[in-house]
Amino acid sequence: MYIPRHFEERDARRLLELMTRHAFATLVTVGEDGAPFATHLPFLVEQDASGALRLLAHMALPNPQWRAFSAERDVLVIFQGPHAYVSPTWYATAPQVPTWNYATVHVYGRPQVIDAGDEVLRILRDTAARYEAGNERPWTLEQSQEYVDRLVGGIVAFELRVTRLEGKFKLSQNKGEADREAVMAALEHSPFAGDTELAALMRAREDAG
């Protein structure tokens, strides 16, 4: 990914936070024919005591993408964070042009199919628990265990041990303080949730110095 120096994000905590918050990501592989192939999946992001990261996910068995894992090549997973259009009229100074602010993390590693049935069930259980959190009556696998057991044969679970992270947080760092403040104020008053989330991310970086 092309990352100008002033937009590069190296803070591991910020990268992990974005990946966890925006865990519905895009898995990109390259097939034997040289063509890219993408699947959109919810990922679990796990970090061990040493700080090493791994991603866990599953896809439908008929999806041919998992067969590319045997090539033992690095794949790319794209975590897209908040993003928003930035109007030239928002800035405190002129002249300006339209642009887009955004935060994204690119993750690289080699995926491996998980064959162990108990580990597959754990991934399904943990994924459900993650997204059922906050539900007044959260669903669990145990509530439909027999049905889940029948479906497990139709999915492929996999893990990806992360070898490289790239973070690009384009948040008006190339603008002066007055212009950054004006952009944040405009986003904070936007009716769109993604805009306000982006404003909060910009504000957090400003406060952190």
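Last residue of the sequence shown: 190 in my numbering, with the numbers rising by one and none dropped. Built from N, CA and C at the ideal position, the CB exists for glycine as well.
Same chain, Cβ closer than 6 Å to residue i, five either side skipped, listed in chain order
i, result
"P92", "F50, V56, F139 and L141"
"Y72", "D160 and A163"
"F18", "T10, G12 and Q46"
"E27", "R35"
"V143", "L34, V88 and G90"
"M0", "V26, F60 and V86"
"V129", "L122"
Element boundaries [alpha helix (DSSP H), containing residue i]
i, result
"T177", "A174 to A189"
"Y128", "Q126 to V133"
"I104", "G98 to E113"
"E162", "E158 to E169"
Residue closest to residue i, alpha-carbon to alpha-carbon, out of the options
i, options, result
"T177", "M40, T10 and G62", "G62"
"H39", "Q126, V94, L(-3) and F18", "V94"
"R106", "D96, N116, G115 and W120", "W120"
"L22", "F(-12), L(-3) and I59", "I59"
"Q77", "L182, A30 and G157", "G157"
"W81", "L(-1), A97 and H64", "H64"
"L122", "A110, V86, V143 and K151", "A110"
"L42", "Y89, I136 and F173", "I136"
"E(-11)", "L152, R184 and Q124", "L152"
"M165", "Y83, R184, E127 and G175", "R184"
"T20", "D29, F5 and A30", "F5"
"H3", "R54, Y112 and A52", "Y112"
"G175", "E187, A189, Y83 and Y128", "Y83"
"D29", "R186, L(-3) and A52", "L(-3)"
"F24", "A97, D96 and T108", "T108"
Bounding residues of the beta strand (DSSP E) (the contiguous stretch that carries residue i)
i, result
"Y89", "T80 to I95"
"Y65", "Position check: residue 65 holds Ala in this sequence, whereas Tyr was assumed. V56 to V67 is the span of the beta strand (DSSP E), which, as asked, contains A65."
Contacting residues, own chain, Cβ-Cβ under 7 Å from residue i (five flanking each side not counted)
i, result
"E169", "T177 and A180"
"G134", "none"
"N155", "H(-13)"
"Q126", "none"
"T85", "I59, F60, Q61, G62 and K149"
"A167", "W71"
"R186", "L152"
Residues bridged to residue i (per DSSP)
i, result
"P17", "V11"
"L37", "L25 and E140"
"R(-6)", "Partner(s): none; R(-6) has no beta bridge."
"F5", "P23"
"L122", "Paired residue(s): none; L122 is not in a bridge."
8 Å CB neighbourhood of residue i in its chain, flanking five on each side removed
i, result
"P79", "Y66, V67, S68 and P69"
"T74", "G157, A159 and D160"
"S171", "A65, T177 and A180"
Notebook entry, point to check: Do the stretch 145 to 162 and the stretch -16 to -9 touch if we need at least three Cβ pairs shorter than 8 Å?
Noted result: Contact between the stretch 145 to 162 and the stretch -16 to -9 is present, with at least three C-beta pairs closer than 8 Å.
Note to self: Contact between the stretch 42 to 49 and the stretch 1 to 14 is defined here as three or more beta-carbon pairs at a separation below 8 Å; is this criterion met?
What the structure shows: Under the Cβ criterion (8 Å, minimum of three pairs), the stretch 42 to 49 counts as touching the stretch 1 to 14.
Item checked: Any 3 or more C-beta pairs closer than 8 Å across the stretch 94 to 106 and the stretch 13 to 24 -> No, because fewer than three Cβ pairs between the stretch 94 to 106 and the stretch 13 to 24 fall closer than 8 Å, the two stretches do not touch.
Check: Is the stretch 23 to 35 touching the stretch -7 to 3 in the sense that three or more CB pairs, one from each, lie closer than 8 Å?
Finding: Yes, the stretch -7 to 3 is in contact with the stretch 23 to 35.
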